[in-house]
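So my numbering is basically just the index in the sequence shown, starting at one, shifted up by 4.
For glycine and all other residues, C-beta sits at the position ideal for the given N, C-alpha and C.
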Amino acid sequence: MARASGYHAVSWLSTEPVRKLIHKQMSLSKQERRQRKRWSKRPWQFKLDHRMNVLAAWVQGWISTKSLAQGLRYPHAIVALPIVGEAGMLLVCPEALEIMFGGD
5 MARASGYHAV
15 SWLSTEPVRK
25 LIHKQMSLSK
35 QERRQRKRWS
45 KRPWQFKLDH
55 RMNVLAAWVQ
65 GWISTKSLAQ
75 GLRYPHAIVA
85 LPIVGEAGML
95 LVCPEALEIM
105 FGGD
(Lines of atoms letter the chains of each structure in order from A and count residues from 1; the text may use other names and numbers.)
(Lines give C-alpha, C1' and ligand atoms only; values in the text may rest on other atoms or scores of the structure.)
Protein backbone atom coordinates (compact mmCIF):
# COMPACT_ATOMS: atom_id res chain seq x y z
CA MET A 1 0.00 0.00 0.00
CA ALA A 2 1.47 3.34 -1.00
CA ARG A 3 1.69 6.19 1.47
CA ALA A 4 0.64 9.69 0.60
CA SER A 5 3.51 12.12 0.31
CA GLY A 6 4.12 14.16 3.43
CA TYR A 7 2.79 11.41 5.72
CA HIS A 8 4.80 10.98 8.91
CA ALA A 9 4.07 8.47 11.63
CA VAL A 10 3.91 10.22 15.00
CA SER A 11 3.77 8.41 18.27
CA TRP A 12 0.91 9.51 20.49
CA LEU A 13 3.44 9.72 23.35
CA SER A 14 5.29 12.51 21.60
CA THR A 15 2.33 14.85 21.46
CA GLU A 16 2.42 17.84 23.79
CA PRO A 17 -0.87 17.23 25.68
CA VAL A 18 0.13 13.65 26.46
CA ARG A 19 3.58 14.69 27.68
CA LYS A 20 1.98 17.26 29.98
CA LEU A 21 -0.49 14.69 31.25
CA ILE A 22 2.24 12.13 31.97
CA HIS A 23 4.37 14.76 33.73
CA LYS A 24 1.38 15.93 35.75
CA GLN A 25 0.60 12.39 36.90
CA MET A 26 4.20 11.79 37.94
CA SER A 27 4.82 15.03 39.78
CA LEU A 28 3.57 15.31 43.34
CA SER A 29 1.56 18.25 44.56
CA LYS A 30 2.62 20.25 47.61
CA GLN A 31 -0.14 18.65 49.63
CA GLU A 32 0.96 15.15 48.58
CA ARG A 33 4.56 15.90 49.55
CA ARG A 34 3.44 17.25 52.95
CA GLN A 35 1.28 14.18 53.57
CA ARG A 36 4.11 11.80 52.68
CA LYS A 37 6.59 13.71 54.83
CA ARG A 38 4.19 13.70 57.78
CA TRP A 39 3.56 9.97 57.28
CA SER A 40 7.29 9.20 57.21
CA LYS A 41 7.70 10.94 60.60
CA ARG A 42 4.95 8.88 62.25
CA PRO A 43 6.07 6.15 64.71
CA TRP A 44 6.00 2.60 63.42
CA GLN A 45 3.19 1.69 65.85
CA PHE A 46 0.94 4.32 64.26
CA LYS A 47 1.71 3.00 60.77
CA LEU A 48 1.04 -0.57 61.91
CA ASP A 49 -2.25 0.42 63.58
CA HIS A 50 -3.40 2.20 60.42
CA ARG A 51 -2.64 -0.79 58.22
CA MET A 52 -4.20 -3.23 60.68
CA ASN A 53 -7.38 -1.11 60.78
CA VAL A 54 -7.58 -1.24 56.98
CA LEU A 55 -6.93 -4.98 56.91
CA ALA A 56 -9.41 -5.71 59.73
CA ALA A 57 -12.12 -3.69 57.96
CA TRP A 58 -11.58 -5.76 54.81
CA VAL A 59 -11.55 -9.09 56.65
CA GLN A 60 -14.82 -8.19 58.38
CA GLY A 61 -16.38 -7.25 55.02
CA TRP A 62 -16.83 -3.55 55.74
CA ILE A 63 -14.73 -2.34 52.79
CA SER A 64 -14.13 -3.58 49.25
CA THR A 65 -10.93 -5.07 47.91
CA LYS A 66 -10.38 -1.87 45.92
CA SER A 67 -10.59 0.16 49.12
CA LEU A 68 -8.21 -2.28 50.80
CA ALA A 69 -5.67 -1.73 48.03
CA GLN A 70 -6.03 2.05 48.23
CA GLY A 71 -5.77 2.04 52.02
CA LEU A 72 -2.56 0.04 51.92
CA ARG A 73 -1.06 1.82 48.92
CA TYR A 74 -1.81 5.40 50.02
CA PRO A 75 -1.82 5.28 53.83
CA HIS A 76 -0.56 8.87 54.04
CA ALA A 77 -3.74 10.10 52.35
CA ILE A 78 -6.40 7.73 53.75
CA VAL A 79 -8.36 8.70 56.86
CA ALA A 80 -11.60 6.86 56.10
CA LEU A 81 -12.78 4.35 53.51
CA PRO A 82 -16.26 3.89 52.00
CA ILE A 83 -18.39 1.16 53.56
CA VAL A 84 -19.61 -1.49 51.12
CA GLY A 85 -23.31 -1.18 50.35
CA GLU A 86 -23.90 1.83 52.58
CA ALA A 87 -23.59 5.58 52.28
CA GLY A 88 -20.96 6.01 54.95
CA MET A 89 -17.28 6.04 55.68
CA LEU A 90 -15.26 3.89 58.06
CA LEU A 91 -12.45 5.61 59.94
CA VAL A 92 -9.14 3.74 59.71
CA CYS A 93 -6.70 6.44 60.81
CA PRO A 94 -5.74 5.92 64.48
CA GLU A 95 -5.47 9.67 65.07
CA ALA A 96 -8.94 10.32 63.64
CA LEU A 97 -10.38 7.51 65.75
CA GLU A 98 -8.82 8.99 68.88
CA ILE A 99 -10.18 12.44 68.09
CA MET A 100 -13.69 11.13 67.35
CA PHE A 101 -14.03 8.59 70.15
CA GLY A 102 -11.48 9.62 72.75
CA GLY A 103 -8.44 7.80 74.08
CA ASP A 104 -8.15 4.29 75.42
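CB-CB length for residue i against residue j, believed under 8 angstroms
i	j	result
Val-83	Ala-100	5 angstroms
Val-58	Val-96	5 angstroms
Bridge-paired residues (DSSP) for residue i
i	result
Met-93	Pro-86
Start and end residues, alpha helix (DSSP H) containing residue i
i	result
Pro-98	98-105
Ala-61	48-63
Ala-73	69-77
Trp-66	Element bounds for Trp-66: n/a, residue is neither H nor E.
9 angstroms Cβ cutoff met for residue i and residue j
i	j	result
Leu-85	Ala-60	no
Problem set entry | Cβ contact check for the region 67-76 and the region 38-48: 3 or more pairs under 8 angstroms | no
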